[in-house]
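Participant: Read in full-length UniProt numbering, the sequence shown has 52 at position 52, and its numbers run on one by one without any break.
All C-beta atoms, glycine included, are put in the ideal place defined by N, C-alpha and C.
Computed from a predicted model, the values in this text were never measured in an experiment.
First the structure, which I've put down as structure tokens, then a few questions once you've had a look.
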Amino acid sequence: MPLHILDRLDHPLWPAARSIYERSFPPHGRKPETLMRRMLERGQALVFVLAENASQERRPSPAAMALAGPGGGGKALIVDYLAVDPTLRGQGIGIRLLDGVERWAAEHASASALVIETEAGGGEENEGRRHFWERAGFVAPDGYAHRYIWVPEPYAAMYRPLPGREADLIPPPSGRQLFRWIEGFHARAYRGFREEE
Numbered sequence: 001m002p003l004h005i006l007d008r009l010d011h012p013l014w015p016a017a018r019s020i021y022e023r024s025f026p027p028h029g030r031k032p033e034t035l036m037r038r039m040l041e042r043g044q045a046l047v048f049v050l051a052e053n054a055s056q057e058r059r060p061s062p063a064a065m066a067l068a069g070p071g072g073g074g075k076a077l078i079v080d081y082l083a084v085d086p087t088l089r090g091q092g093i094g095i096r097l098l099d100g101v102e103r104w105a106a107e108h109a110s111a112s113a114l115v116i117e118t119e120a121g122g123g124e125e126n127e128g129r130r131h132f133w134e135r136a137g138f139v140a141p142d143g144y145a146h147r148y149i150w151v152p153e154p155y156a157a158m159y160r161p162l163p164g165r166e167a168d169l170i171p172p173p174s175g176r177q178l179f180r181w182i183e184g185f186h187a188r189a190y191r192g193f194r195e196e197e
């Protein structure tokens with residue numbers, strides 16, 4: 001499956017990728033499309049789409065998508081959202097997408113790690129998500145649980161060092177440090193944004 005990097009949302013793959021995003025995250029848990037469009041226009045993020053190969057009769061069909069952008073002064077690539085088509089889950093597609101994002105970051109960014117945040121509370125669904133991130137090579141540096149003022153559940157940050165750049169992460173970042181990078185990414189995205197745009 002080829003990886004497509006979108007720097008605009010008027011790309012032909014976006015409508016199907018958006019459908020995967022919307023089926024994977026509830027409205028209150030996802031960024032509005034107008035905000036994502038603005039982030040891409042400002043160079044704050046890219047959309048990565050892993051698509052099944054096209055045939056002569058049809059265009060590539062997205063299997064997974066991720067929204068990611070720089071954080072931590074360029075030390076990290078924050079993977080803000082990752083979604084796999086629900087009908088294709090359990091086949092390793094999410095990890096293949098992350099591997100592609102990692103290759104892109106190694107070639108085109110100064111980042112030393114991919115960084116994510118995941119729900120830290122209990123429950124089978126949250127445990128399943130954390131297990132996915134661990135299988136994908138992410139580690140939680142400590143037991144720090146971050147609390148946002150607008151959501152009740154705690155979050156944990158995890159990171160995946162980029163091959164060959166592990167020395168750039170010595171000493172390893174703490175959970176608090178990772179959240180400073182994540183919050184900086186979100187602050188830049190939302191700065192001056194109004195929902196009605």
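Which same chain residues, not among the five before or five after D142, have their C-beta less than 8 Å away from its C-beta?
Facilitator: Cβ neighbours of D142 beyond the five flanking positions: S174, G175.
Participant: Suppose contacts are defined by Cβ-Cβ distances below 7 Å. Is R165 in contact with P154 by that definition?
Facilitator: It is not a contact, given that the beta carbons lie outside the stated cut-off.
Participant: Round the Cβ separation of P2 and A51 to the nearest angstrom and send it over; I've been treating them as touching at under 8 Å.
Facilitator: Confirmed, about 6 Å.
Participant: Confirm, please, whether the CB-CB distance from L46 to D7 is below 7 Å.
Facilitator: Yes, Cβ-Cβ distance for D7 and L46 is below 7 Å.
Participant: Would DSSP call H186 helix, strand or coil?
Facilitator: The answer is helix: DSSP assigns H186 an H, G or I state.
Participant: Under 8 Å, with one C-beta from each stretch per pair, do the region 87-94 and the region 69-77 reach the 3-pair mark?
Facilitator: Judged by Cβ distances under 8 Å, the region 87-94 makes no contact with the region 69-77, as fewer than three pairs qualify.
Participant: Can you grab the Cα-Cα spacing for the pair N126 / P15, in whole Å?
Facilitator: One C-alpha to the other measures close to 28 Å.
Participant: Name the one or two DSSP bridge partners that M36 has.
Facilitator: BP columns for M36 are empty, so no partner.
Participant: Going by the beta-carbon positions, is the gap between A106 and L77 smaller than 7 Å?
Facilitator: No, these two residues do not count as a Cβ contact at 7 Å.
Participant: Out of E119, Q177, Y144, R37, point me to the one whose CA is closest to G29's CA.
Facilitator: Among E119, Q177, Y144, R37, the Cα nearest to that of G29 is on E119.
Participant: Alpha carbon to alpha carbon, how far is W104 from E22?
Facilitator: Answer to the nearest angstrom: the Cα atoms are 25 Å apart.
Participant: Between which two residues does the alpha helix (DSSP H) harbouring D99 extend?
Facilitator: That run of the alpha helix (DSSP H) goes 93-108.
Participant: Can you check whether the C-beta of M158 is within less than 7 Å of a C-beta belonging to chain D?
Facilitator: Note that chain D does not occur in the displayed structure, where there is just one protein chain.
Participant: Can you tell me whether G100 is buried or exposed, with buried defined as 16 or more other CB within 10 angstroms of its CB?
Facilitator: G100 comes out buried.
Participant: Among the candidates P163, P172, I149, whose CA atom is the shortest distance from the CA of A140?
Facilitator: It is P172.
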